[in-house]
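All letters in the sequence shown, in the order written, are residues 1 to 123 by UniProt numbering. Below: one structure, written as structure tokens.
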Amino acid sequence: MEQQFQGSCHCQKVQFEFQGPLELEVIRCHCSICKMKQNHHVLIDNSKFKLLTSMEELTLYTFNTKQAKHYFCKTCGVQAFFYPRFNPNMIAVTIYCVQLPNNVKLTYVTQGLEQQIKETIQQ
Numbered sequence: 001m002e003q004q005f006q007g008s009c010h011c012q013k014v015q016f017e018f019q020g021p022l023e024l025e026v027i028r029c030h031c032s033i034c035k036m037k038q039n040h041h042v043l044i045d046n047s048k049f050k051l052l053t054s055m056e057e058l059t060l061y062t063f064n065t066k067q068a069k070h071y072f073c074k075t076c077g078v079q080a081f082f083y084p085r086f087n088p089n090m091i092a093v094t095i096y097c098v099q100l101p102n103n104v105k106l107t108y109v110t111q112g113l114e115q116q117i118k119e120t121i122q123q
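Here it is in structure tokens:
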């Protein structure tokens, strides 16, 4: 069963909605930028995500391969969502920017930790 979710940045100038299941898998990503930001996100299919705000309220940040598209609110600086490099058909929504109803179950998984451990061992 799917439900409509609403979300926004801190100042609420960037607002969005998406359709998603009542059981959400929250990814604790350990890539270089997510680790620094402590970004925990859920992956949503592009077709189920709707930005309710003009793109003019956002600023874009890319790095390295320039594949991932990190969008931030120009006013408050919060990244409510981004387009991940590994799957351009998905949107990664920051879970803390979503208004969660009481009946939603969150399951946390860690992504990218294996690579970080390998790099640490090689040093």
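No residue lacks a Cβ here, since even glycine has one placed at the ideal position from N, Cα and C.
{"Query": "Within 10 angstroms of the Cβ of Gln12, are there 16 or more other Cβ atoms? Answer buried if so, exposed if not.", "Result": "exposed"}
{"Query": "With DSSP collapsed to three states, give me the class of Cys76.", "Result": "coil"}
{"Query": "Please determine, among Glu25, Tyr96 and His41, the residue with the shortest C-alpha to C-alpha distance to Cys31.", "Result": "His41"}
{"Query": "Assuming Asp45 and Met90 are in contact, meaning their beta carbons sit under 8 Å apart, how far apart are those beta carbons, in whole angstroms?", "Result": "6 Å"}
{"Query": "Could you give the residue range of the alpha helix (DSSP H) that holds Cys34?", "Result": "Ser32 to Lys37"}
{"Query": "Look at the alpha carbon of Ile27 and the alpha carbon of Gln3, and state the distance between them as a whole number of angstroms.", "Result": "19 Å"}
{"Query": "Whose C-alpha, out of Cys29, Gln15 and Pro84, is nearest the C-alpha of Gln67?", "Result": "Pro84"}
{"Query": "Could you check what DSSP says for Lys105 in three-state terms: helix, strand or coil?", "Result": "strand"}
{"Query": "With 16 other CB atoms within 10 Å as the buried threshold, where does Gln99 fall?", "Result": "exposed"}
{"Query": "Mind checking who Lys13 pairs with in its DSSP beta bridge?", "Result": "According to DSSP, Lys13 bridges with nothing at all."}
{"Query": "Grab the span of the beta strand (DSSP E) containing Leu100 for me, first residue to last.", "Result": "No beta strand (DSSP E) contains Leu100, which DSSP labels as neither H nor E."}
{"Query": "In chain order, what residues of the same chain have a beta carbon less than 6 Å from the beta carbon of Phe72, not counting five sequence neighbours either side?", "Result": "Thr59 and Gln79"}
{"Query": "Compare the Cα-Cα distances from Ser54 to each of Cys34, Val14 and Thr62 and report the closest residue.", "Result": "Val14"}
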